[in-house]
Amino acid sequence: MKPPMNKPLDIDQLTPLEARALHVQLVEQIAAHDIAYHQKDAPVISDAEYDALRQRFEAIEARFPELVGTGSLFGKVGAAPSEKFAKVQHRVPMLSLGNVFSDEDAAEFVERVRRFLGAGAQQDIAFTAEPKIDGLSCTLRYERGQLVQAATRGDGYEGEDVTANVRTIAEIPHILRGDFPENMEARGEIYMRRDDFAALNERQLEAGDKLFANPRNAAAGSLRQLDSSITAKRPLHFFAYAWGELSAPIADTQMGMIAAFHSWGLPTNSETVLCTSAKELIAHYRAIEESRAALPYDIDGVVYKVNEISLQQRLGFVSRSPRWAVAHKFPAQQAITLLRGIDIQVGRTGALTPVARLEPVTVGGVVVTNATLHNEDEIARKDVRIGDSVIVQRAGDVIPQIVAVKLDKRPADSQAYSFPHVCPACGSAAVREVDGKGEMDAVRRCTGGLVCPAQAVERLKHFASRNAFDIEGLGDRQIEFFHEKGLIKTPADIFTLELRDSDPASLVKIRNFEGFGETSVRNLFASIRSRRSVALNRFIFALGIRHVGETNARRLARHFESFEALRVVARAAGEEASEARAELKNIEGVGDVVAEALADFFAEPHNEQALDALLREVTPVPMEAVAAASPVSGKTIVFTGALERMTREEAKAMAERLGAKVAGSVSKKTDLVVAGPGAGSKLAKAETFGVEVISEDDWFVRVGAE
Ligand code: IVH
Numbered sequence: 180m181k182p183p184m185n186k187p188l189d190i191d192q193l194t195p196l197e198a199r200a201l202h203v204q205l206v207e208q209i210a211a212h213d214i215a216y217h218q219k220d221a222p223v224i225s226d227a228e229y230d231a232l233r234q235r236f237e238a239i240e241a242r243f244p245e246l247v248g249t250g251s252l253f254g255k256v257g258a259a260p261s262e263k264f265a266k267v268q269h270r271v272p273m274l275s276l277g278n279v280f281s282d283e284d285a286a287e288f289v290e291r292v293r294r295f296l297g298a299g300a301q302q303d304i305a306f307t308a309e310p311k312i313d314g315l316s317c318t319l320r321y322e323r324g325q326l327v328q329a330a331t332r333g334d335g336y337e338g339e340d341v342t343a344n345v346r347t348i349a350e351i352p353h354i355l356r357g358d359f360p361e362n363m364e365a366r367g368e369i370y371m372r373r374d375d376f377a378a379l380n381e382r383q384l385e386a387g388d389k390l391f392a393n394p395r396n397a398a399a400g401s402l403r404q405l406d407s408s409i410t411a412k413r414p415l416h417f418f419a420y421a422w423g424e425l426s427a428p429i430a431d432t433q434m435g436m437i438a439a440f441h442s443w444g445l446p447t448n449s450e451t452v453l454c455t456s457a458k459e460l461i462a463h464y465r466a467i468e469e470s471r472a473a474l475p476y477d478i479d480g481v482v483y484k485v486n487e488i489s490l491q492q493r494l495g496f497v498s499r500s501p502r503w504a505v506a507h508k509f510p511a512q513q514a515i516t517l518l519r520g521i522d523i524q525v526g527r528t529g530a531l532t533p534v535a536r537l538e539p540v541t542v543g544g545v546v547v548t549n550a551t552l553h554n555e556d557e558i559a560r561k562d563v564r565i566g567d568s569v570i571v572q573r574a575g576d577v578i579p580q581i582v583a584v585k586l587d588k589r590p591a592d593s594q595a596y597s598f599p600h601v602c603p604a605c606g607s608a609a610v611r612e613v614d615g616k617g618e619m620d621a622v623r624r625c626t627g628g629l630v631c632p633a634q635a636v637e638r639l640k641h642f643a644s645r646n647a648f649d650i651e652g653l654g655d656r657q658i659e660f661f662h663e664k665g666l667i668k669t670p671a672d673i674f675t676l677e678l679r680d681s682d683p684a685s686l687v688k689i690r691n692f693e694g695f696g697e698t699s700v701r702n703l704f705a706s707i708r709s710r711r712s713v714a715l716n717r718f719i720f721a722l723g724i725r726h727v728g729e730t731n732a733r734r735l736a737r738h739f740e741s742f743e744a745l746r747v748v749a750r751a752a753g754e755e756a757s758e759a760r761a762e763l764k765n766i767e768g769v770g771d772v773v774a775e776a777l778a779d780f781f782a783e784p785h786n787e788q789a790l791d792a793l794l795r796e797v798t799p800v801p802m803e804a805v806a807a808a809s810p811v812s813g814k815t816i817v818f819t820g821a822l823e824r825m826t827r828e829e830a831k832a833m834a835e836r837l838g839a840k841v842a843g844s845v846s847k848k849t850d851l852v853v854a855g856p857g858a859g860s861k862l863a864k865a866e867t868f869g870v871e872v873i874s875e876d877d878w879f880v881r882v883g884a885e
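Numbering (the numbering used here), first residue to last: 180 to 885.
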């Protein structure tokens with residue numbers, strides 16, 4: 180790589196033409212240095228020289244603003260608007276992985292697996308260790324050996340149909356060879372090699388197109404092209420490492436599955452090894468970490484998986500991640516930059532969150548301009564001040580963080596930061612609540628509730644967001660815009676927008692606003708219309724009730740099956756001692772805190788009004804019955820006494836997987852008690868209530884696991 184410029188030109192003297200040429204050159208150089216530094220671990224220039232390059236780049240853009248965005252380093256991925264892809268419901272959810280960052284936590288994962296399975300000291304449990312490919316996951320469905328559908332992960336339950344694009348990826352077979360099952364879904368990672376990424380960015384630059392920030396973004400942008408002939412020109416690759424629906428069992432182990440994929444012609448990763456202890460796993464992690472730069476593709480950690488598929492099945496899932504696998508991530512990457520300011524954002528529950536505004540800096544190949552400062556106490560603990568030089572850290576997809584302040588660089592006149600006690604959006608007092616134990620909440624909250632416009636906007640954003648109503652074309656920016664124009668104030672307004680807009684008497688027409696054409700307005704209305712019926716769990720989650728995240732929304736949807744049923748019980752749950760409160764608390768995973776939050780939400784007249792208006796526009800539909808075929812689905816089960824074939828935790832997880840609810844105590848509503856030796860009062864109670872009691876062995880027979 181050549182040094183930046185032999186004779187630096189004076190930016191102030193540049194003609195527009197010279198500026199354009201220099202701008203292009205700098206973009207190219209900076210991108211190349213980023214790659215050299217962050218991906219090849221082989222910087223060619225010193226940090227000071229690199230900073231000088233960036234300063235020149237910024238100075239040019241400051242003097243010639245028309246150049247901003249042309250081959251910009253900060254360019255967004257050229258992703259097509261997703262509304263154009265058809266949705267695909269995953270037959271088996273595509274879940275994610277939990278992360279660990281230290282050797283201790285990796286060892287704790289192994290221990291947790293052993294504990295859950297009740298493994299004795301003599302029993303070896305084998306794990307695979309595979310590189311964690313930094314791309315995007317994709318599922319490939321083969322029927323009778325033919326590739327019939329490919330989909331992205333999406334929210335894990337619903338992805339996008341990218342079949343036409345995936346068919347252009349040379350190494351993905353259209354037809355399998357060998358002895359494959361009738362139907363089979365192979366899952367894995369689509370990625371771009373580093374050298375291909377650099378070459379692609381060079382071509383983008385020449386064509387005056389946007390640059391991709393890293394190989395993962397380039398792979399994602401390439402796959403999500405509406406025109407598959409563009410994808411065909413992008414060098415994409417694939418590794419198979421997991422599976423969805425299988426019409427017949429294929430292998431007993433993870434290793435066996437990978438071998439099967441390979442034998443059918445699917446690419447698999449050859450760096451995968453088998454280990455039987457945390458020590459071996461960690462040793463392999465170290466080895467991969469060392470050889471990381473020599474691999475032709477980016478990896479961001481090592482994935483450990485229990486090898487035996489029967490054990491994977493026993494371990495099951497917690498929320499969105501398997502108990503039988505974990506990602507051991509590589510350490511975060513860091514950089515030093517200047518803290519220009521601290522903004523206070525107001526979330527949908529009124530939480531005041533400080534956000535650091537930073538002098539842009541490249542951390543691990545991505546330009547970072549904002550970082551989280553968590554809360555008031557964190558700022559005080561680290562004594563972070565505006566004007567400080569700070570260490571910024573980025574790990575995986577998490578929001579960048581400020582790790583520490585470089586005190587030696589602190590300006591002499593700096594002042595300690597004082598956190599505001601009023602909401603910056605509505606001026607209401609912002610307070611820190613004290614809980615029942617007298618402990619002060621770490622979060623300061625705006626007390627403005629329904630009058631606070633920031634909370635209203637955040638609630639609307641949440642309502643329309645991907646895992647909630649998922650309204651295409653109604654992203655954060657559009658919500659802010661419509662809210663500011665007074666067109667959307669409550670969720671129901673989203674659904675009346677079209678009618679109001681088409682009213683001949685209405686003076687404001689959305690299509691006349693800047694940035695909205697006829698077509699985009701038509702598309703927006705169509706996507707809003709398509710969400711007039713929505714799965715009950717999404718509906719509940721969209722309401723943004725405190726402590727009701729996606730998992731609890733699913734639990735509630737499964738338990739109540741209709742919104743009205745939930746509403747009746749939650750309305751009656753105001754009293755702590757009420758039967759309704761007890762019913763809520765008895766739902767697995769819904770404790771005191773959630774039950775109280777539900778009662779509070781439904782006790783608020785404004786919420787009730789907003790709900791009535793919304794329900795006039797929208798119909799929540801029951802969630803697809805989970806494991807409807809299971810003989811225990813919908814039943815309430817109590818395990819008691821000593822269990823000999825599985826641990827207590829496993830029993831509970833197994834019952835839940837089969838669609839049953841597990842309760843801690845026996846009541847009239849209990850359907851089944853599974854009693855082991857030594858069962859006491861619960862067994863007696865079951866007998867008084869006439870509840871069926873079976874043994875642990877009977878349980879396995881009942882659920883067909885024998
Ligand atoms: S297994 C149910 N194995 O990492 C578990 N994932 O952070 C399914 N990934 O969504 C995932 N390499 O996109 C698995 N060898 C590997 C992987 C891998 C990369 C990605 C995948 C997943 C994400 C979770």
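All C-beta atoms, glycine included, are put in the ideal place defined by N, C-alpha and C.
From a predicted model like this one, the values you see are computed outputs, not experimental measurements.
Could you round the C-beta distance between residue i and residue j to whole angstroms and report it? I think they count as a contact, below 8 Å.
| i | j | result |
| --- | --- | --- |
| Pro-414 | Arg-372 | 7 Å |
| Phe-674 | Glu-787 | About 18 Å separates the two Cβ atoms, so there is no contact after all. |
| Leu-715 | Arg-623 | Not quite, the Cβ-Cβ distance comes to about 34 Å (not below 8 Å), so this is no contact. |
| Ala-776 | His-507 | Incorrect: roughly 35 Å between the Cβ atoms, too far for contact. |
| Arg-573 | Val-545 | 7 Å |
| Thr-669 | Ala-782 | In fact, because the Cβ distance is near 18 Å, the residues do not count as touching under 8 Å. |
| Val-505 | Phe-288 | 5 Å |
| Glu-364 | Glu-424 | 5 Å |
| Glu-322 | Val-267 | Going by Cβ atoms, the distance from Glu-322 to Val-267 rounds to 14 Å, so no, they are not a contact pair. |
Taking the alpha carbon of residue i as the point to measure from, which residue in the options has its own alpha carbon closest?
| i | options | result |
| --- | --- | --- |
| Gly-480 | Ser-489, Glu-487, Glu-469 and Ile-488 | Glu-469 |
| Ile-239 | Ile-816, Val-584, Ala-198 and Arg-733 | Ala-198 |
| His-269 | Ala-761, Gly-696 and Arg-332 | Arg-332 |
| Leu-703 | Glu-740, Thr-669, Ala-643 and Ala-832 | Ala-643 |
| Ala-705 | Leu-653, Leu-193 and Glu-743 | Leu-653 |
| Asn-362 | Thr-318, Glu-283, Gln-234 and Ala-378 | Thr-318 |
| Gln-325 | His-353, Ile-348 and Glu-339 | His-353 |
| Ala-647 | Arg-710, Lys-561, Tyr-229 and Glu-835 | Arg-710 |
| Ile-351 | Ala-438, Asp-375 and Leu-445 | Leu-445 |
| Ile-348 | Asn-448, Thr-867 and Ile-409 | Ile-409 |
| Gly-770 | Val-882, Arg-734 and Val-747 | Arg-734 |
| Ala-466 | Glu-450, Asp-477, Tyr-476 and Pro-475 | Glu-450 |
| Thr-528 | Lys-561, Phe-509, Arg-560 and Arg-638 | Arg-638 |
| Gly-820 | Gly-843, Thr-798, Asp-375 and Ile-521 | Gly-843 |
For residue i, count neighbouring C-beta atoms within 10 Å of its own C-beta (all shown protein chains included) and say buried if the count is 16 or more, exposed if not.
| i | result |
| --- | --- |
| Asn-393 | buried |
| Leu-494 | buried |
| Ala-671 | buried |
| Ala-884 | exposed |
| Phe-253 | Low confidence applies to Phe-253: its pLDDT is 33, below 50, so where it sits in the model is not reliable, and the reading given next is rough at best. Per the 10 Å Cβ criterion, exposed. |
| Leu-355 | buried |
| Gln-192 | exposed |
| Leu-678 | exposed |
| Val-206 | buried |
| Ser-401 | buried |
| Phe-739 | buried |
Go ahead and pull the three-state DSSP assignment for residue i.
| i | result |
| --- | --- |
| Val-203 | helix |
| Gly-335 | coil |
| Arg-881 | helix |
| Leu-686 | coil |
| Phe-253 | Interpretation of Phe-253 is limited by its pLDDT of 33, a score under 50 that renders its predicted location unreliable; the figure taken from the coordinates is listed afterwards. Three-state result, Phe-253: coil. |
| Arg-123 | An answer regarding residue 123 cannot be provided, because it is not within the stretch 180 to 885 covered by the chain. |
| Ile-351 | coil |
| Pro-784 | helix |
| Thr-455 | coil |
| Tyr-464 | helix |
So, is the C-beta of residue i closer than 8 Å to a C-beta in chain C?
| i | result |
| --- | --- |
| Ala-574 | In the structure shown, chain C does not exist; there is a single protein chain. |
* **At least 3 beta-carbon pairs within less than 8 Å: the stretch 421–438 vs the stretch 374–394** => no
* Sufficient close CB pairs (3 or more, under 8 Å) joining the stretch 719–728 to the stretch 751–758 -> no
* **the stretch 454–462 in contact with the stretch 297–314 per 3-pair CB rule at 8 Å** => yes
* To do: Decide yes or no for the touch test of the stretch 577–595 against the stretch 484–503: beta carbon pairs closer than 8 Å, at least 3 of them.
  => no
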